[in-house]
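Engineer: One structure, pasted below without further comment.
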Amino acid sequence: MNFFSPIAISLLLALLSPSLLLCSGDSTTVDDESPPPTVCIVGSGIGGSSVAHFLRNYSVSTGLDRARILMFERHEIVGGRMRTVTFSGDKFEAGGSILHPKNYHARDFVERFNLTVRLPTSIEESTALGIWDGKRFVFKTFGCSDVIKFPFMDKIVSLVNDLYLFLRYGFSLLRMSSFIENTVGNFLKYYESRESRPIFDNVEAMLKWSGLYNLTKVTLQEKLSEAQLSPLLVNELVTVITRINYGQSVLMSGLAGAVSMAGSGGGLWSVEGGNWQMAAKLINHSDITLHLNEQIESVSHLGSYYELNSTKGNSFKCDVAVVATPLDEVDIQFSPVISIPKRKLQHTHTTFVRGVLNPGYFGMKSVSDLPPLVGTLEDPLIPFSSISILRKYSETDMAYKIFTRQLATDSLLDELFSVRTETLRIDWGAYPKYHAPEVFAPFVLDDHHLYYVNAFENAASTMETMAVAGENIARLIVSRFMTNESSTSSDTRSCGSGLHSDL
Ligand SMILES: Cc1cc2nc3c(=O)[nH]c(=O)nc-3n(C[C@H](O)[C@H](O)[C@H](O)COP(=O)(O)OP(=O)(O)OC[C@H]3O[C@@H](n4cnc5c(N)ncnc54)[C@H](O)[C@@H]3O)c2cc1C
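What the sequence shown shows, in mature numbering (1 follows the signal peptide of the UniProt record, and there is no 0), is residues -27 to -1, 1 to 476, in sequence order.
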């Protein structure tokens, strides 16, 4: 990521581009006597909190710099799908868990707010994976705990596993990593300086600009076959990854599939104490009035402003309204009505179990024969997507995380586990069901100032992609709001041509 001094850039722009300055807050006079504009954000996840953070950063010296920001969260805690649970006395991530080493907004949030990076524990990092086809493990790699522990064993185990993987999947593995690298490389364009990076008012344009759009037009399976990956690799390893990360098969769209594959490499990390703290810090440092337990039930455009009403009977008047939650399963009435493509969410049931797996279920004699991560092939008869060990208290007492597409019933858990002392279940409306070709809702839901961050979730749903979408929405608000202000003010100078000027 490139870091540029904002002051140096402003000076440079002032020298180089006087016409652009005509569109900046410096010359667009927003009457100081008028009440400050109000920006209302529905949702306190990483998307909504990023909008607030970048809005504060980008609206310096614009008419929005005095803006009041109100944020509404239906729950009593912030963070949305970033949430920890306390289970058996330990804290675990229950939603968004892992971050990629090149998730640069998340990195920046952690550094900026003195949060601590948490690296995976040895059990989480263990390379031991078993691919279960419903009857047997079709492939297993070694973990370090499988062999006597010496400091150099990690390296040896990793080399043996590389060899093992190569013997099964051959050069397709190299083609897979170059496919992932290319996709990540394209995504990095979203961190380029604001001077060279346009503001996007629709998802399609945003994806086309970075070269990622075509990946949303085909399935992951089609894309990987085009990239000459062997069907064996796609149907095994890649399928395991998409089932773990998105609960979906390789028939999902190529872009979301590629993002999930990027999330299975090395260098993954999370935030010590919980990823939700990124949202909490962004909110705390953005001078926001936060309304917890305030569920918005209607958003009405009433001429020159929006009225947001909550289920508590409260009413809020806003100049700008931002929806930072997927609209697919929430009941918000819009007036006038808005039109967005129908989208279904993939439900992921996350079940935490303390106890010990039943080796007999997997045709094994001892639980020590089972890998810490059991991934599965795409077969409707297999009742779970993955099972992983989170913590090992003893050889016969562990904390596990299980992902299933349907509720993990007691009878299923009783088959899977020979001992089960504690169980916790969460049903997430987790992410969109990805299709190809993908269709996108607009970022701007009306002709005014109603914005939708989660339109970007059809590209890929991750903490970072939602921060990237939030940043773009913040720029879009500043640019469109200032264009509006300047055209309605007595100052008739025009920014011209409908382009969004970056302020
Ligand atoms: C099980 C699971 C595992 C995941 N794993 C990863 C991972 O490893 N890495 C990764 O990067 N991503 C992962 N993700 C995806 C990631 O968590 C999400 O993409 C991201 O957190 C979405 O953020 P958001 O702000 O867009 O939405 P949300 O976090 O859903 O925030 C929306 C907020 O709006 C609130 N809200 C909704 N309706 C209203 C209303 N009417 N009024 C007021 N408030 C309202 C909600 O309560 C919520 O707090 C995972 C998600 C799940 C569910």
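Think of the CB as a built atom: it goes at the ideal place given N, C-alpha and C, for glycine as much as any other residue.
Once you ignore the five residues that flank S203 on each side, which residues in its own chain have a CB closer than 8 Å to its CB?
Structural biologist: Residue mapping note: residue 203 aligns to position 230 of the sequence shown, counting from 1. For S203, where only same-chain residues beyond five positions count, the Cβ hits under 8 Å are Y142, G143, S145.
Engineer: Just checking, does the stretch 7 to 14 make contact with the stretch 291 to 306 on the three C-beta pairs under 8 Å criterion?
Structural biologist: yes
Engineer: Using only the heavy atoms of ligand 1, determine whether one of them is closer than 7 Å to the beta carbon of V293.
Structural biologist: Here residue 293 corresponds to residue number 320 of the sequence shown, with the count starting at 1. False, no ligand heavy atom lies under 7 Å from that Cβ.
Engineer: Just verifying my parser: in three-state terms, what is the DSSP assignment at D370?
Structural biologist: In the sequence shown, residue 370 corresponds to position 397, counting from 1. Reduced to three states, the DSSP call for D370 is strand.
Engineer: Quick one: is V412 buried, meaning 16 or more other Cβ sit within 10 Å of its Cβ, or exposed?
Structural biologist: The count along the sequence shown starts at 1 and reaches residue 412 at position 439. Looking at its Cβ environment, which holds fewer than 16 other Cβ atoms inside 10 Å, V412 is exposed.
Engineer: Do K196 and L188 have their C-beta atoms within less than 8 Å of each other?
Structural biologist: The residue you call residue 196 lines up with position 223 of the sequence shown. The residue you call residue 188 lines up with position 215 of the sequence shown. Their beta carbons are under 8 Å apart, which means K196 touches L188 by this criterion.
Engineer: So does L72 have its beta carbon nearer than 7 Å to some heavy atom of ligand 2?
Structural biologist: In the structure on display, ligand 2 does not appear, and the ligands it does have are ligand 1.
Engineer: Taking the CB atoms as reference points, tell me whether R393 and G328 lie closer together than 8 Å.
Structural biologist: As a first step, residue 393 must be located in the sequence shown, where it is residue number 420. As a first step, residue 328 must be located in the sequence shown, where it is residue number 355. Yes, these two residues count as a Cβ contact at 8 Å.
Engineer: Drop a sphere of 10 angstroms on the beta-carbon of W139, count the other beta-carbons inside from all chains shown, and report buried for 16 or more, exposed for fewer.
Structural biologist: The count along the sequence shown starts at 1 and reaches residue 139 at position 166. Strictly speaking, residue 139 in this sequence is Phe, with Trp absent from that position. Counting Cβ neighbours within 10 Å, F139 comes out exposed, since fewer than 16 surround it.
Engineer: From I261 to V272, what does the alpha carbon distance come to, in whole angstroms?
Structural biologist: What you label residue 261 is simply residue 288 of the sequence shown in a count that begins at 1. What you label residue 272 is simply residue 299 of the sequence shown in a count that begins at 1. Those two C-alpha atoms are separated by around 20 Å.
Engineer: In whole angstroms, give me the CA-to-CA distance for residue 525 and S166.
Structural biologist: Examination of residue 525 is not possible in this model, given that the chain is present from -27 through 476 alone.
Engineer: Straight-line CA distance for F(-24) to F60?
Structural biologist: Position 4 of the sequence shown, counted from the first residue, corresponds to residue -24. Position 87 of the sequence shown, counted from the first residue, corresponds to residue 60. In this prediction, F(-24) has a pLDDT of 33, which is less than 50 and means its spatial position is unreliable; nothing more can be read from the coordinates.
Engineer: Decide if N76 is buried, meaning its Cβ has at least 16 other Cβ atoms within 10 Å, or exposed.
Structural biologist: Here residue 76 is taken as the residue at index 103 of the sequence shown, counted from 1. Per the 10 Å Cβ criterion, buried.
Engineer: Residue range of the alpha helix (DSSP H) that E66 falls in?
Structural biologist: In the sequence shown, residue 66 corresponds to position 93, counting from 1. Note, E66: premise wrong, no alpha helix (DSSP H); beta strand (DSSP E) at 63 to 66.
Engineer: Whole angstroms are fine: how far does the CA of R54 sit from the CA of G177?
Structural biologist: Against the sequence shown, residue 177 aligns to sequence position 204. Against the sequence shown, residue 54 aligns to sequence position 81. With the sequence shown as reference, residue 177 is identified as Glu, and Gly is not the correct amino acid for it. Cα to Cα, the separation comes out at about 25 Å.
Engineer: Around the Cβ of K317, are there at least 16 other Cβ atoms within 10 angstroms (buried) or fewer (exposed)?
Structural biologist: For the purposes of this step, residue 317 is taken as the residue at position 344 of the sequence shown. Exposed, since its Cβ has fewer than 16 Cβ neighbours within 10 Å.
Engineer: Cα-Cα, which of T323, K315, I50, S434 is closest to F65?
Structural biologist: By 1-based counting over the sequence shown, the position of residue 65 is 92. Looking at the Cα atoms, T323 is the closest of the given residues.
Engineer: Could you tell me the boundaries of the beta strand (DSSP E) in which S391 lies?
Structural biologist: As a first step, residue 391 must be located in the sequence shown, where it is residue number 418. Counting along the chain, S391 sits inside the beta strand (DSSP E) bounded by residues 390 to 405.
Engineer: Indicate, with yes or no, if ligand 1 has a heavy atom lying under 7 Å from the CB of N266.
Structural biologist: What you label residue 266 is simply residue 293 of the sequence shown in a count that begins at 1. Taking 7 Å as the cut-off, the C-beta of N266 does not count as close to any heavy atom of ligand 1.
Engineer: So what's residue 484 in DSSP terms, helix, strand or just coil?
Structural biologist: An answer regarding residue 484 cannot be provided, because it is not within the stretch -27 to 476 covered by the chain.
Engineer: Following the continuous beta strand (DSSP E) through V326, name the residue where it begins and the one where it ends.
Structural biologist: In the sequence shown, residue 326 corresponds to position 353, counting from 1. Its beta strand (DSSP E) spans residues 318 to 330.
Engineer: For the alpha helix (DSSP H) containing G20, name the first residue and the last one.
Structural biologist: Reading the sequence shown from its first residue, position 47 is the one you call residue 20. Residues 19 to 31.
Engineer: How big is the Cα-Cα spacing for H73 and G240?
Structural biologist: In the sequence shown, counting from the first residue as 1, residue 73 sits at position 100. In the sequence shown, counting from the first residue as 1, residue 240 sits at position 267. Distance between the alpha carbons of H73 and G240: 7 Å.
Engineer: Touch check for the stretch 43 to 51 and the stretch 263 to 283: three-plus C-beta pairs under 8 Å?
Structural biologist: By the Cβ rule, the stretch 43 to 51 counts as touching the stretch 263 to 283, because three or more pairs are nearer than 8 Å.
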